[in-house]
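According to the numbering used here, the sequence shown is numbered sequentially starting from 8. Ideal Cβ placement from N, Cα and C applies to all residues, glycine included. As the structure is a computational prediction, the values presented were derived from the model and not from experiment.
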Amino acid sequence: MLDFVQKYWEDPGILQVNREAARSYYIPYGDIGGASSNKRGRSPFYRTLNGSWKFRYCRSVKEVQDGFYTDEADVSGWDELIVPSCWQTSGYDQLHYTNVNYPFPCDPPYVPNDNPAGLYVREFQVPAQWDGKRIYTVFEGVNSCCYVWVNGQFVGYSQGSRVPAEFDVTPYIREGRNRMAVMVLKWCDGSYLEDQDVWRFSGIFRDVYLLARDRVHVRDVFNRQELAADFGEALLRCELETTGRLEVQAELKDADGRTAASGQAEIDGKGAIELRVERPVLWNAEQPYLYQLYVQAGEETLRFPVGFRKVEIVSGVFKINGQAVKLKGVNRHDSHPSLGQTIPLRHMHKDLMLMKRHNVNTIRTSHYPNDPRFLELCDEYGFYVIDEADLECHGVQPAGDFHMLTNDPAWQAAFIDRAVRMVERDKNFPSIIIWSMGNESGYGANHIAMAAWTKSRDASRPVHYEGAAPHYKGSEETECLDMESRMYASVEYIENYAKDERNVKPLFLCEYSHAMGNGPGDLHDYWEVIYKYPKLMGGCVWEWTDHGIAAETADGTPFFAYGGDFGDKPNDGNFCIDGLVAPDRKPHTGLLELKQVIAPVRAEAADLKGGTIRVMNLYDFRDLSHVGMVWKLEKDGETIQQGYVAELPAGPHETAEVTLPYTLPETAAGRYYLTLSFREKRETRWADAGYEIAFEQFELPAAAKAAPASAIPAAGKLPPLRAERQGHLLVLEGFDFRHEFDLYGGAFVRISRHGVNMLAAPTRFKVWRAPTDNDRNVKHEWMAEGYERAKTHIYRTDWRQLPDGSVEIDAAFSLGGYIKRPILRGDACWRVDGSGTVALRVKVKVREGIAFLPRFGLQLTMPPGTEEVEYFGFGPHESYIDKRRSVRKGKYVLTVDEMHESYIKPQENGSRFGTEWAIVSSELGMGLKFSGAEPFSFQASHYTPEDLTEATHAHLLRKRKETIVHIDYKMSGVGSNSCGPELLPQYRLDEREFEFAVDVVPIFKEDE
């Protein structure tokens, strides 16, 4: 036991010692010019303490030696550590990822005796011009608790990791050089309230700085606003708290720097200045118009963004500025691949620009308040923010009682403290439209007290908490909450909720459509229902980014690590790899899907033959004057006409009809597609001019459909075909080809043209795919039936030559794995004609009572050098039956590598839904063409499903020289069942009987 500090870290009744009361976020500046720059370093009253600190890591707090914080302590031999940082990302302690479970015994308020400690020491100087000022130090974020000394004297203690701790250090500061020492503990009783689904980082992970204040100064500001019913006038009531009698001036400037209103008052303790604005420009996420309020007193100027907006719920409908709004959101954790939860400002910009580019308008700060600078950026870029308290005690659920802490009066102060510090810090940010009382922490008296305090302090924003949902069986008292909230509710559930007139609150999906790995696959289904019902507010996809840790193998190969890669226990494996973007912010195809599904512009056909379409403006506040439309008409994948529409006359929630000047040939056969691309006319903060916001595509009626490109030529026009049995092989030879069929194995072992063999292994039927993360539940049913180990059994093969010279081979087969009965039985008829075309027709019966199939189709292994892929279908990126809104029909030419979508944990990827024909060949065009009367799913890869199944990380995959091709009758959808509902029935390959046909032609495509 340490004898120089009190053990505050295991006492839920002690949350702080000498910490200043929570206040609004601001930096004091010397004048309006400095304040308007919003650059902290330009303030004469700000000094950063970021930088290099002396650091010592102790595996246990018991190793901490008394006196390390004194002036005399020799720390010259200590390590250097950059602040802010997480000490685990700098090589100290254990990198550890766990989702639900506490990483220590659940015995609140007690934490492990071997509680790691980080000791920080830093020397600093105070400017001479600060003489006579009060001096404060601010820690924006310290995980999990800290003791602070200045010049050997104890200053104070704080816990609550992700909100500021501010201390008055005036009594301890001296002229010249000063020394600050901080002891940070990895765990404290507050850790029971910080059990978020994240890597467990420690340290001073956000900015640290000093502030110099006038002896009498403005301590707190709360900018309350009232808007007239017609929004023609705004009242800004600037509520002020001062440390003594003070003359305060307030000036509100518009976005052009013109004074919109001003006032002054003498304040002694508490008071207010009221400012009125006629015809205010309103703030919303689409047009984030900001005024700036400058509060001046003494030598200080404080700056606050002001966005006039009204948030309300009317008759079960969520509204902003009187308009019903849909929240098209994501959940965002602080996560950086090499810095952990320390987030650079430029990285914040990058996240927000990516979100804007992909039509996201809402962010839930899961599950704690973000850096205040992030909220400033949300104000500026235009985002609706659900600000969430730093509260999650999920780990009490597996320990036995989900409501243990929220129903314990001893913890009520700790619960309320987390609401108070969030609301007080963030109350002036216009982007914040909802307060959230934390996440997955049960529901009881302490949450009710949090919500009650929040509503009493700020009634202008509704209050949210998902943990009050009835299925958690917590308290039934939910009047303090303004909306119903659910996680991963099914599409059917939310529609039934919206239809039920007894449900008077709007429904918000705080988490839905789990974006883990190859997914999500249900976005379109959710949004068709959300748009349909006013009572549905929208929701936030889980989640924004994969939380991979940048790591290297022993030989220097870089990769992204996940739970368990560092020997951490307990861990939840790759469950932290569940984002719409990779750790390096490369968008996954799931983000492209989200962009299209929630796009603010849509189109539908009115009269395609006459060129008339309807453009629907789904913006809530903007017309489409900033949007232009590029259109093109394609025939069989080739552009034949194109144009541009500069004006789309549709206001918010309005529709405009547009007639395009294309003409369709009267007689020519073919496939005609009209593609519309809606683009930004001007450069914005987040995208260049011409950036595509959304697209639509329509297939147009043609005079006649062309025959399938691979149709077998008419009999009598084909060269002769010779068939000869050689042992178990049936050899089929024509003018320029030679094929070989293994009658015993029921498969082609050679398909060749001009002596070039296109197969490197026998053909085979396949039902297995490498499980996606969203298959994590159903894969156990698949594997119980042996899908992954299914082998072909041939019951019989027969062959015959037909009068037209072609040869038919019939094979009766089954697919099954050991232990279990066959998964399916089938009859395959292979027909080869004199052109060398191999036409497969297969009839399949699937055993009753087993789970839906991942896929069914033909697998071909093509030889090394087969690297070029050309196809007509959906592209350019991967698509599935339930994940195809972000792709468009066309002709694409890619490499096999470009067909691959890399996921941190390898899984099924790269399939192309709705393919009509495909050619896989060498660069010289020597290869195989696949086509069918009906579209199929198509895949070309350098990895087999087994390769992808067995590899735990992408860098462990070993690329094959051969190319593995799958031509699938169907591929089941991907869904979001890693955490969301089961895959919807319409997206499952659940047929008990089906037929499949595909033609395979060896070609030299450069000659054809």
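**Report entry** Bridge-paired residues (DSSP) for Ser-269
**Finding:** In the DSSP output, where bridge partners are listed per residue, Ser-269 has Glu-258.
Report task. Compute the distance between the beta-carbons of Asp-780 and Asp-532, then report whether it is under 9 Å. Result -> Their beta carbons are not under 9 Å apart, which means Asp-780 does not touch Asp-532 by this criterion.
Query - Ser-482 versus Asp-834: straight-line alpha-carbon distance, rounded - result: Taking the straight line joining both Cα atoms gives about 59 Å.
Query raised in the report: For the alpha helix (DSSP H) that contains Tyr-533, what are its first and last residues?
Result: Per DSSP, Tyr-533 belongs to the alpha helix (DSSP H) from 530–539.
Query raised in the report: For Asp-221 versus Lys-140, is the C-beta spacing smaller than 9 Å?
Result: Result yes, Cβ atoms of Asp-221 and Lys-140 sit closer than 9 Å.
Query raised in the report: Just to confirm, are Val-90 and Arg-129 a CB contact at a threshold of 9 Å?
Result: For Val-90 and Arg-129, yes; Cβs fall inside 9 Å.
**Report entry** Check whether Lys-69 and Leu-9 have beta carbons under 9 Å apart
**Finding:** Result yes, Cβ atoms of Lys-69 and Leu-9 sit closer than 9 Å.
Query raised in the report: What residues in its chain sit with their C-beta under 7 Å from that of Ile-350, if we drop five residues either side in the sequence?
Result: Here the set comprises Asp-341, His-343 and Asp-378.
**Report entry** Beta-carbon proximity check, Val-149 vs Phe-212, cutoff 9 Å
**Finding:** With respect to the 9 Å criterion, Val-149 and Phe-212 are classified as neighbours on the basis of their beta carbons.
Query raised in the report: Would a C-beta distance cut-off of 9 Å place Phe-515 and Ser-497 closer than the cut-off?
Result: Their beta carbons are not under 9 Å apart, which means Phe-515 does not touch Ser-497 by this criterion.
**Report entry** Touch test, the segment 623–636 against the segment 584–602, Cβ-Cβ under 8 Å, three pairs minimum
**Finding:** Short answer: they don't touch.
Query raised in the report: In this structure, does DSSP put Glu-399 in helix, strand or coil?
Result: In the structure shown, Glu-399 sits in a strand (DSSP, three-state: E or B).
Report task. Identify every run of the alpha helix (DSSP H) within the segment 363–430, keeping only runs that are complete inside it and at least 4 residues long; order them along the chain. Result -> Entirely contained in the segment 363–430, the alpha helix (DSSP H) runs reaching 4 residues are, in chain order, 379–388.
Requested in this report: Could I get the ranges of all uninterrupted alpha helix (DSSP H) runs contained in the segment 309–351, with 4 residues as the minimum, in chain order?
Outcome: Listed in chain order, nothing qualifies, since the segment 309–351 has no complete alpha helix (DSSP H) run of 4 or more residues.
**Report entry** Residues sharing a beta bridge with Asp-834, DSSP
**Finding:** DSSP output for Asp-834 lists Ala-819 and Lys-850 as bridge partner(s).
Query raised in the report: Taking Cβ positions, are Arg-371 and Val-321 nearer each other than 9 Å?
Result: Judged by beta-carbon spacing, Val-321 lies beyond the 9 Å limit of Arg-371, meaning their Cβ atoms are not closer than that value.
Report task. Could you tell me if Ala-417 is buried or exposed, where buried requires 16 or more neighbouring beta carbons within 10 angstroms of its beta carbon? Result -> So Ala-417 counts as exposed.
Query raised in the report: Quick one: what does DSSP say Thr-779 is sitting in, helix, strand or coil?
Result: Taken through DSSP and simplified to helix, strand or coil, Thr-779 comes out as coil.
Report task. Evaluate Arg-995 with the Cβ neighbour count: other Cβ atoms within 10 Å of its Cβ, from every protein chain shown; 16 or more gives buried, anything less gives exposed. Result -> Per the 10 Å Cβ criterion, buried.
Requested in this report: Whole angstroms is fine: what's the gap from Val-313's alpha carbon to Val-427's?
Outcome: Val-313 and Val-427 have their alpha carbons spaced roughly 21 Å apart.
Query raised in the report: Is Glu-969 near the ligand MN, judged by its Cβ being under 8 Å from some heavy atom?
Result: Ligands displayed in this structure: none; no statement on the ligand MN is therefore possible.
Report task. Please classify Ser-684: does DSSP put it in a helix, a strand, or coil? Result -> Of the three classes helix, strand and coil, the one that applies to Ser-684 here is strand, per DSSP.
Requested in this report: Tell me whether Gly-457 sits in a helix, a strand or coil according to DSSP, three-state version.
Outcome: Inspection of the sequence shows that residue 457 is occupied by Met rather than by Gly. Met-457 falls in the helix class under three-state DSSP.
Query raised in the report: Which of helix, strand or coil does DSSP assign to Gly-932?
Result: Per DSSP, reduced to three states, the secondary structure at Gly-932 is coil, with no helix or strand assignment.
Query - Residue environment, Tyr-802, which counts as buried when at least 16 other CB atoms sit within 10 Å - result: Using a 10 angstroms sphere on the CB of Tyr-802, the tally of other CB atoms stays under 16, which defines it as exposed.
Query - Coarse secondary structure for Glu-611, derived from DSSP in three states - result: It is a strand residue.
Query raised in the report: Can you give the Cα-Cα distance for Tyr-117 and Thr-799, rounded to whole angstroms?
Result: Taking the Cα positions, Tyr-117 is about 58 Å away from Thr-799.
Query raised in the report: What are the residues that DSSP puts in a beta bridge with Glu-173?
Result: In DSSP, Glu-173 forms a bridge with Val-145.
Requested in this report: Along the alpha helix (DSSP H) that carries Met-906, what are the first and last residues, could you check?
Outcome: Taken as a continuous stretch (DSSP letters only), the alpha helix (DSSP H) holding Met-906 covers 903–906.
Query raised in the report: Based on the DSSP output, what are the partners of Leu-736 in its beta bridges?
Result: Here Leu-736 is bridged, per DSSP, to Gln-733 and Asp-749.
Query - Same chain only: Cβ atoms within 6 Å of Gly-451, ignoring 5 sequence neighbours per side - result: Counting only Cβ-Cβ distances below 6 Å, and skipping sequence neighbours, we find His-410, Thr-413, Asn-414, Gly-481 and Ser-482.
Report task. Check whether the Cβ atoms of Ile-926 and Gly-917 lie closer than 9 Å to each other. Result -> Taking 9 Å as the cut-off, the Cβ atoms of Ile-926 and Gly-917 do not count as close.
Query raised in the report: What does DSSP give as the partner residues of Trp-290 in its beta bridges?
Result: Partner(s): Pro-295.
Query raised in the report: Is it the case that the Cβ atoms of Pro-913 and Leu-964 are separated by a distance below 9 Å?
Result: Going by C-beta atoms, Pro-913 is nearer than 9 Å to Leu-964.
**Report entry** Separation of Leu-234 from Gly-58, as counted between CA atoms
**Finding:** Between Gly-58 and Leu-234, the C-alpha separation is close to 45 Å.
Report task. Measuring alpha carbon to alpha carbon, tell me which of His-735, Ala-777 and Gly-741 ends up nearest Asp-749. Result -> Put simply, of His-735, Ala-777 and Gly-741 the residue whose alpha carbon is nearest the alpha carbon of Asp-749 is His-735.
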